[in-house]
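Okay, structure first, notes after.
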Ligand SMILES: [Ca+2]
């Protein structure tokens, strides 16, 4: 019996050794059920066990096949996983490349270049406009310079013309007169009215008119400025042919007027240079001389007037009656005030008014 128990134990241990790893995994029942029960006949024992083991051994093949299938499945899943990993990796790579390409694409670069080009073009356009403007300004400056030069030349020419005109005018404003039994003498021509010879001029008080008989006989002063032609010349000129008398007058305020007599004649020294004739008055200043017609000439040293006093001593040399209403050789007053140069009919016989301009002119009657 001891031997039987030992065999059964050995069989059990053998089963444990052969199938230690397939318990529960291959449907082998092992709990308390006896797997290899030795029968009474020992000679049948071996065959019995083999009969029991054979199916188990057959199952091991199945198990191996299953394991191989499992392994193959694992390989397949591993390959699939690897493929998926590669796919994901590839997708991420593509996405990264796409993102990178989105950050800097050719189009963006081209747009950037285009924007820069536009900015550059704008700046260039402005610079070109500024250059054009500067060039225009420079051209204008050149034009102005040329105009200034032209104007300067014109001014020079005008000055030359003015000088020539002045010289010609000076030459033309004077001419020499040769009268019977007299040395030739210069006389002044009036600029206006044209064709008149100036015989007396007061313009600035530069000449002394408080002079004696002899001075008035021969004349004095500068024919280009203030002067008196001389009574002897007036006698010779007006004796030779009939003359008109034109008198221009001016006040300190710039106003002017005139008086015209159409038949002016002066007597000889023997006649005391009498105002022999005047003719008819015309003009705007009024007639302040006809009253003195046929009167002798009086100077402070030759009293030929009809007044008790010497009218010339008070009012300057003139043809006086009991004095009169005019005195163009009186004292000069630059302020135009006081007893001096008078033409009463022009300033309401206000003797406080003194004229500051006179020109007596004669011309032969036509
Ligand atoms: Ca007198």
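In this note's numbering, the protein residues as written are 266 to 631. From the three backbone atoms N, C-alpha and C, an ideal C-beta is built for every residue, glycine too.
Kindly indicate which three-state DSSP category residue 492 falls into: helix, strand or coil? strand
Counting only runs that start and end within the segment 505 to 547, where is the beta strand (DSSP E) found for 3 or more residues in a row? 508 to 515, 521 to 531, 540 to 542
Three-state secondary structure (DSSP) of residue 617: coil
N-terminal and C-terminal residue of the alpha helix (DSSP H) that residue 576 is part of: 576 to 580
Unbroken alpha helix (DSSP H) runs of length 4 or more, entirely within the segment 408 to 493: which are they? 478 to 483
Pair within 8 Å by beta-carbon distance, residue 453 and residue 472: no
Proximity winner among 482, 489, 505, relative to residue 495 (alpha-carbon distances): 482
So does residue 506 have its beta carbon nearer than 7 Å to some heavy atom of ligand 1? no
How big is the Cα-Cα spacing for residue 510 and residue 626? 6 Å
Starting from residue 627, trace the beta strand (DSSP E) both ways and give me its first and last residue. 622 to 629
For residue 529, count neighbouring C-beta atoms within 10 Å of its own C-beta (all shown protein chains included) and say buried if the count is 16 or more, exposed if not. buried
In the DSSP assignment, what residue or residues form a beta bridge with residue 586? 588
So is residue 448 buried or exposed if we call it buried at 16+ other beta carbons inside 10 Å? exposed
Rounded to a whole number of angstroms, what is the C-alpha to C-alpha distance between residue 521 and residue 422? 33 Å
Can we count residue 574 as close to ligand 1, meaning its CB is less than 7 Å from some heavy atom? yes
Would residue 523 pass as a contact of residue 549 if the rule is Cβ separation under 8 Å? yes
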